[in-house]
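These protein sequences, in sequence, are chains A and B.
Residue 311 in my numbering sits at position 311 of the first sequence, and the numbers go up by one each step.
Residue 501 in my numbering sits at position 13 of the second sequence, and the numbers go up by one each step.
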Amino acid sequence: MIFLVGLNHRCAGVDVREKFALTNVADFEKSLLDACPLREVMALSTCNRVEILVVADADRCAGIDLPEAVLRHWAETCAGPLSTLREHTYRHTSLDAVTHLFCVAASLDSMVMGEPQILGQLKTSYRKAVETGTARVIINRLLHKSFSVAKRVRTETGIASSAVSISYAAVELAKKIFGELSGKTAMLVGAGEMAELAATHLLASGIEKLYITNRTFSRAQELAKTMHGEAILFEGMVEQLRDVDIVISSTGSPTAIIRAKDIREVLKKRRNRAMFFIDIAVPRDIDPDVNALDNVYLYDIDDLKEVVEENMSARQGEAVKARAIVEVETQAFATWLKSLALQPTITDLLGRAEDVASRELAKTLKRLGEVDDQTRLALEVLVASVSRKLLHEPICFLKRRTREEGSAERFIDMTRRIFNLDADAVIEDAHLDRRTVDDDTAENDALDCECCRDDALLSRSSLEFQADPPEQPNQTGLPNQPSQTGQK
Amino acid sequence: MALPELLPILVIALYFLGTVLFVVGSALRNEFLKNTALGLAALGFALHTLDLAQFLAGAEAARNLTAGRFLFCLLGWGILFIFLLLWWRLKLKFLAVVAMPLALVLYITANATVGVNTKLPPMLSGLFFFLHIGTLFSSMALLAMAFGAGLAFLHLEKRIKAKAGLKQFQKDMPSLDTFDRVNHFVALCGFPLYTLGLASGYVWAWLSARRVFSLDPKEIVALIVLGLYAYLFHQRLAMGWRGRKPAIMAICVFLLTVISMLGINFLVPTTFHGFKP
Chain A
1 MIFLVGLNHR
11 CAGVDVREKF
21 ALTNVADFEK
31 SLLDACPLRE
41 VMALSTCNRV
51 EILVVADADR
61 CAGIDLPEAV
71 LRHWAETCAG
81 PLSTLREHTY
91 RHTSLDAVTH
101 LFCVAASLDS
111 MVMGEPQILG
121 QLKTSYRKAV
131 ETGTARVIIN
141 RLLHKSFSVA
151 KRVRTETGIA
161 SSAVSISYAA
171 VELAKKIFGE
181 LSGKTAMLVG
191 AGEMAELAAT
201 HLLASGIEKL
211 YITNRTFSRA
221 QELAKTMHGE
231 AILFEGMVEQ
241 LRDVDIVISS
251 TGSPTAIIRA
261 KDIREVLKKR
271 RNRAMFFIDI
281 AVPRDIDPDV
291 NALDNVYLYD
301 IDDLKEVVEE
311 NMSARQGEAV
321 KARAIVEVET
331 QAFATWLKSL
341 ALQPTITDLL
351 GRAEDVASRE
361 LAKTLKRLGE
371 VDDQTRLALE
381 VLVASVSRKL
391 LHEPICFLKR
401 RTREEGSAER
411 FIDMTRRIFN
421 LDADAVIEDA
431 HLDRRTVDDD
441 TAENDALDCE
451 CCRDDALLSR
461 SSLEFQADPP
471 EQPNQTGLPN
481 QPSQTGQK
Chain B
489 MALPELLPIL
499 VIALYFLGTV
509 LFVVGSALRN
519 EFLKNTALGL
529 AALGFALHTL
539 DLAQFLAGAE
549 AARNLTAGRF
559 LFCLLGWGIL
569 FIFLLLWWRL
579 KLKFLAVVAM
589 PLALVLYITA
599 NATVGVNTKL
609 PPMLSGLFFF
619 LHIGTLFSSM
629 ALLAMAFGAG
639 LAFLHLEKRI
649 KAKAGLKQFQ
659 KDMPSLDTFD
669 RVNHFVALCG
679 FPLYTLGLAS
689 GYVWAWLSAR
699 RVFSLDPKEI
709 VALIVLGLYA
719 YLFHQRLAMG
729 WRGRKPAIMA
739 ICVFLLTVIS
749 MLGINFLVPT
759 TFHGFKP
């Protein structure tokens, strides 16, 4: 049974998210495994969301409200009230959980739809879970699948090309004003999630320098460290503006902190070089009269929202497309999940053997030419019994394992992969991350873990097993394509 | 000779096709069409250059220098040349919208004024030709580019200030900053050229007629243009003007030069510059 509990920016405010963040909690997965009767756990915690993905044995925990138990442990870990957590979290079970995870990975659930950071965060969380040993067969498969879903969504839809967001709009506007953003400087006045996000996007588009100022200087320094900016004193802010092209403001000040009068002076000092102000604060931080000055452009949160909404309608179609991909992949995952039972695997295994046997028999008979019925019958019996006897021991082994606690799915999954019972196409660059050491791009984020190496070894041994003749090992070291298996 | 007779028609056809394709390409946001259009224009430009060279190579080169056809031809050529220069330096494809129709119109005008020929003393040739006509035409070509960039700047700025939304901004329209840089370039190069052109004109007037200023309408307008140009130059470079004001200024100056070039030369009686048949 798969289920997922979590909270995100939609259902929980910043204070709740801060309270229940698991970013700084060491070994949450392990402690959760100890506290509840679960099989696999993975937790993802970012500034916008916390997701706890759990796999449990359905029969082992009948009668226990597992999501509730997970929530309780979570609340205890963060020393927060359980009632608040219950109120702000969502729960998804089985395929809903799968769909949700795919949506998260594909950034369909993000505040900035289509932003790529979430995938990296998910990969990091997954790697952590693998290292602590709390992710096994199902989470392995589920997460690998979610990475490929994310990739499909990114390449097949236009969702990532222009993220629907206020920060995206801000960056686009800045590009319309300044052209290239490289060499420009920005300033973040006050803190706030949206402002930080906008600053991150600006940095990603090539802003050269970021100044950060805050009424509390220590907070500015803290932010400066995480965003690689430079903290400056709040009192020196207006003075500093002469070197700043883009200002993002989001303080809690009840009155305007940047006035047209000041900006007129600043403009003189910077010889009228254009300035772009983004005012995210409510009430506003920047005097609206600033927009009337030449070479100064001011957008407040409502202006940006309008810009975004216009954009949004045009891109709804892309989101629909992306959700369709998620839907298809969820169904594929459901099929795989069902096949993890013992009986279908034995059937598939025997079917595969029979298939190979009959094909080989047909070839041999063709080569032999005319044979009498007796010989023919003998040959048929021969190939059938060889294939059945060969599979006898593996099947007994699988049956024994299923009687044990917890390991059945792992072995069934492995068997299915060794014999390629799901006819998964193994693409050319599959597991490239495990084979090359120097390839350290975000795309091929190496998922270097114990189990993966095992998998790689397994696929290699299965390859040698299949290679025909054995004196000529596959030069590429790649697992054989499924189509090749039948031809040999 | 077939080629010289065919040449103007070829150039006109190429410019016309280029202009139409570019406008269509801009409307459809089709990069291929736009690049094809630019290719056609470049081919036209090459033939145009050939046409000019033919003029200069002829036996009557000195007389041809002052022929109306040659002058218009040269102005159109100069505008395209400046456009190609800006395209190369600032990656500014957008200004083709201004440069190509202008080159087309000027080239057609040139061929329409075949019969027009000013009576100028042979003194205005060689050095003076380049000092007076070359410099003035280059600065006018520059102004034409600033005119287009200025209009685009004002349009885009209005949209941004009015918060008209991202969707409405043409995706392939360059940024405000790029348009402003065109203006800067024009002020920086155009004003010295214009000043040189005017000064050489006065020197020549003094040499030929022993008087510098003759209250000629052409000269009055030229002085006004020089004043405005100087103001633009000063405000831009010394006072740090940017954006809207210099854009408007450049548009005004260009319109004034057009009036002076077409209106006065053709319609008003003037001492040296009359193209009136």
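Note that CB positions come from ideal geometry on N, CA and C, so glycine has one too.
Nearest neighbour of Val54/A by Cα position, chosen from Val171/A, Ile301/A, Leu66/A, turns out to be Leu66/A. Listed by position along chain A, the residues whose Cβ is nearer than 9 Å to that of Arg730/B are Arg271, Asn272, Arg273, Ala274, Asp294, Asn295. The C-beta of Met737/B comes no closer than 9 Å to any C-beta of chain A.
In this structure, Ser249/A sits near Ala195/A, with a CB-CB distance shorter than 9 Å. Flagged as an interface residue toward chain B: Tyr299/A, by a C-beta distance shorter than 9 Å. Note on geometry: alpha-carbon atoms of Asn48/A and Leu340/A lie some 34 Å from one another. Taking C-beta atoms as the reference points, Leu502/B and Ala529/B count as a pair closer than 9 Å. For Ile286/A, the secondary structure class from DSSP, reduced to helix, strand or coil, is strand. DSSP links Ile52/A through a beta bridge to Val5/A, Ala43/A. Under the three-state reduction of DSSP, Phe277/A is assigned to strand.
Residue-level contact check: Val50/A does not touch chain B, since none of the beta carbons of chain B fall below 9 Å from its beta carbon. Against Phe178/A, the close residues of chain B are Ser663, Leu664, Asp665, in the order they occur along the chain (beta-carbon pairs closer than 8 Å). Look at Glu29/A: its C-beta is not under 9 Å from any C-beta on chain B.
In the displayed model, Ala587/B falls within a helix according to three-state DSSP. Nearest in C-alpha terms to Leu743/B, of all of Gly638/B, Phe667/B, Phe571/B, is Gly638/B. For Arg91/A, the enclosing beta strand (DSSP E) covers residues 90 to 93.
The C-alpha of Leu531/B lies about 47 Å from the C-alpha of Lys269/A.
In the structure shown, Lys522/B falls within a helical segment according to DSSP collapsed to helix, strand and coil. For Ser387/A, the CB contacts under 6 Å within the same chain, skipping 5 residues up- and downstream, are Ala353, Ala357 in chain order. Across the structure, Thr375/A and Lys399/A are spaced so that their CA atoms are roughly 35 Å apart. Between Pro734/B and His672/B, the C-beta gap is smaller than 9 Å, which places the two residues in contact.
For Thr402/A, the enclosing alpha helix (DSSP H) covers residues 373 to 403. For Lys646/B, no Cβ of chain A is located within less than 9 Å of the residue's own Cβ.
If you draw a 10 Å sphere on the C-beta of Ala174/A, you find 16 or more other C-beta atoms in it, and that means buried. Neighbours of Lys175/A in chain B, taken as residues at a C-beta separation under 7 Å, are given in chain order as Ser663. With fewer than 16 other Cβ atoms from the protein chains shown falling within 10 Å of its own Cβ, Asn24/A counts as exposed.
Val16/A and Thr84/A do touch by the CB rule: their CB atoms are close to 6 Å apart, below 8 Å. By the Cβ test, the segment 94 to 110 of chain A is in contact with the segment 129 to 147 of chain A, since at least three Cβ pairs between them sit closer than 8 Å. Residues of the segment 205 to 232 of chain A with a Cβ closer than 7 Å to any Cβ of chain B: none. With contact defined as three or more Cβ pairs closer than 8 Å, the segment 680 to 698 of chain B and the segment 225 to 233 of chain A are not in contact. In the displayed model, Lys184/A falls within coil according to three-state DSSP, outside both helix and strand.
Within 8 Å of the CB of Lys581/B, no CB atom of chain A is found; the nearest one sits about 14 Å away. No residue range can be given for Val25/A, since it is assigned to no beta strand (DSSP E) and is classified by DSSP as neither H nor E. DSSP places Asp300/A inside the beta strand (DSSP E), whose first and last residues are 296 to 300. In the structure shown, Val244/A falls within a coil segment according to DSSP collapsed to helix, strand and coil. When only Cα atoms are considered, Pro254/A and Ser627/B end up about 53 Å apart.
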